[in-house]
Structures are given as structure tokens and as C-alpha cells.
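**Student:** Just so you know, we're using our numbering here: the sequence shown kicks off at 13 and counts up by one. Structure in C-alpha cells, see below.
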Amino acid sequence: MANILSTLRQDHKNMTQLLDALERQIDTFAAGRQPDLDIVLAIANYVLEYPDRFHHPVEDLVLDALRQRDADAARPAEGLEREHARIGQLARDFNGAVETWMAEEPARRADFLDTARAFIAALRDHIAHEDREFFPAAEAALTPDDLDQLAKNLPDLDDPLFGAADHDSYVRLRHNILEWSADSAADS
Ligand SMILES: [Fe+2]
Ligand SMILES: [Fe+2]
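Next up, the structure:
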């Protein structure tokens, strides 16, 4: 199995692609056009299904291990659990806004846009903060034994969108993300 720290780094790349996909739908909607509802709904479900149940809890475990190994190195990452709780709440708010909007369109259009944008901004900031402070500290301080110990305590959960198995509910979202990454590779 891959080192858990590289899995977390890969999750960040994946989540960034996911947020880009959501932003495309939000921009479409803000411009007065109809977004792809399947894609929006799949994103709203996914953020509760994987980041909230695997990625953030695993980072909390890594931070604990880092505190034990080197309290000074852990200091810049203190507050991470609070940020995870806040992002979990924003993800639930976003999911709720999607459901309300689908039931009552277009009455909740502004609410939906605000909630989605708050979620996107918070998660992007959080990812940047961890890439800058937390991951380098964990990569420098944790020993192979620490990583082995962590590997024993991971939640038993596959990523249903970016993982190996194809889950029916995410097929269209997965294609949407792949198409865009192929297009941007061709453009650059
Ligand atoms: Fe995090
Ligand atoms: Fe993270």
C-alpha cells in the first residue's frame, strides 16, 4: 500500500479537480445557464462520503502521530481538527443547499451559490495551508515505524470517485473530471 502521506497528497490533487468541476457548474449557474444537476449532486454526495469520512479523520491521526514524535513540528498544524469540523459543516450545508435547490428551484438560487462558494473557498484554503505547513512537517518528522503504525489504524474505505473501482453513481462525474483534465493538458 502507498505511504499514507502520499495518499493524502494525492487526495488533495483529486479534491482540487473536484472543486474545479464544481466551480464550472457554479459559474454556469451564476451566468444564468442550467448546470448539470447530476454532476452537482454527485459532488454534493461525494464530499460527505470520502473527504469527511477518510481524508480528514486520517489527517487527524497523522497530526496525533506528529505531536507525539515532535511537538514543535506539529505546532503550525494545531487547529487542524477544528478546521476539519468546520469544513464538514460546510459540506453538509452545501449538500443541504443542493437538495433544497433541487426541490424548490429557482427560489434558493442565491443561497445555493453562496453556500457552494463558501465551501469551495474554505476547502481550497485548507488544502493550501496543509500543503504548505502540515505535510512537509509530517514528511520530515514521521519515521517509517510511525507510518507503519498509522497504516494499521486507517479507516477501511475506498475512494468511490478517484479509487480503482467504478461506482455507478460517480461515472458521469468521473468522466467530466477526466475530460477536463485531458482538455487542459492539451491546451498547455
Ligand atoms: Fe485537512
Ligand atoms: Fe487535507
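Virtual Cβ for every residue (Gly too), placed ideally from N, Cα, C. Owing to the predicted nature of the structure, the values given are computational and were not obtained by experimental measurement.
Under the criterion of a Cβ to heavy atom distance below 8 angstroms, does Leu20 qualify as lining ligand 2?
**Tutor:** Yes, the Cβ of Leu20 comes within 8 angstroms of a heavy atom of ligand 2.
**Student:** Should Glu71 be counted as a contact of ligand 1 given a C-beta to heavy atom distance under 8 angstroms?
**Tutor:** Because some heavy atom of ligand 1 lies under 8 angstroms away, the Cβ of Glu71 counts as near it: yes.
**Student:** For the segment 156-165 against the segment 119-134, are there 3 or more C-beta pairs whose distance is under 8 angstroms?
**Tutor:** Not touching, per the Cβ criterion.
**Student:** In chain order, what residues of the same chain lie with their CB nearer than 7 angstroms to the CB of Arg136, ignoring the 5 residues before and after it?
**Tutor:** Hits under 7 angstroms: Leu31.
**Student:** With a Cβ-Cβ cutoff of 9 angstroms, do Asp170 and Ala177 count as a contact?
**Tutor:** The answer is yes: Cβ separation under 9 angstroms.
**Student:** Straight-line CA distance for Ala83 to Gln37?
**Tutor:** Those two C-alpha atoms are separated by around 42 angstroms.
**Student:** Between Asn107, Ala197, Ala97, which lies nearest to Leu34 when the distance is taken from Cα to Cα?
**Tutor:** The option with the nearest alpha carbon to Leu34 is Asn107.
**Student:** Would you kindly work out how many angstroms separate the C-alpha atoms of Ile51 and Asp64, rounded to a whole number?
**Tutor:** When rounded, the distance between both Cα atoms is 19 angstroms.
**Student:** What first and last residue would you give for the alpha helix (DSSP H) that runs through Ser193?
**Tutor:** Element bounds for Ser193: 183-199.
**Student:** Does ligand 3 have a heavy atom nearer than 8 angstroms to the CB of Glu142?
**Tutor:** Within the structure as shown, ligand 3 is missing, the only ligands being ligand 1 and ligand 2.
**Student:** Check whether the Cβ of Ile38 lies closer than 8 angstroms to any heavy atom of ligand 1, and answer yes or no.
**Tutor:** No; taking the cut-off as 8 angstroms, the Cβ of Ile38 has no heavy atom of ligand 1 nearer than that.
**Student:** Quick one, which of Met27, Pro69, Ala56 has its alpha-carbon nearest Trp113's?
**Tutor:** When each option's Cα is compared against that of Trp113, the closest is Ala56.
**Student:** Can you give me the C-alpha to C-alpha distance between Asn26 and Phe174, rounded to a whole angstrom?
**Tutor:** Cα to Cα, the separation comes out at about 7 angstroms.
**Student:** Of the residues Leu49, Asp39, Asp76, which one's Cα is nearest the Cα of Ala150?
**Tutor:** Nearest C-alpha to Ala150: Asp76.
**Student:** Between which two residues does the alpha helix (DSSP H) containing Gly100 stretch?
**Tutor:** Start and end: 92-116.
**Student:** Measuring CA to CA, which of Ala152, Ala86, Asp48 is closest to Val110?
**Tutor:** The option with the nearest alpha carbon to Val110 is Asp48.
**Student:** Would DSSP call Asn26 helix, strand or coil?
**Tutor:** Three-state DSSP puts Asn26 in a helix.
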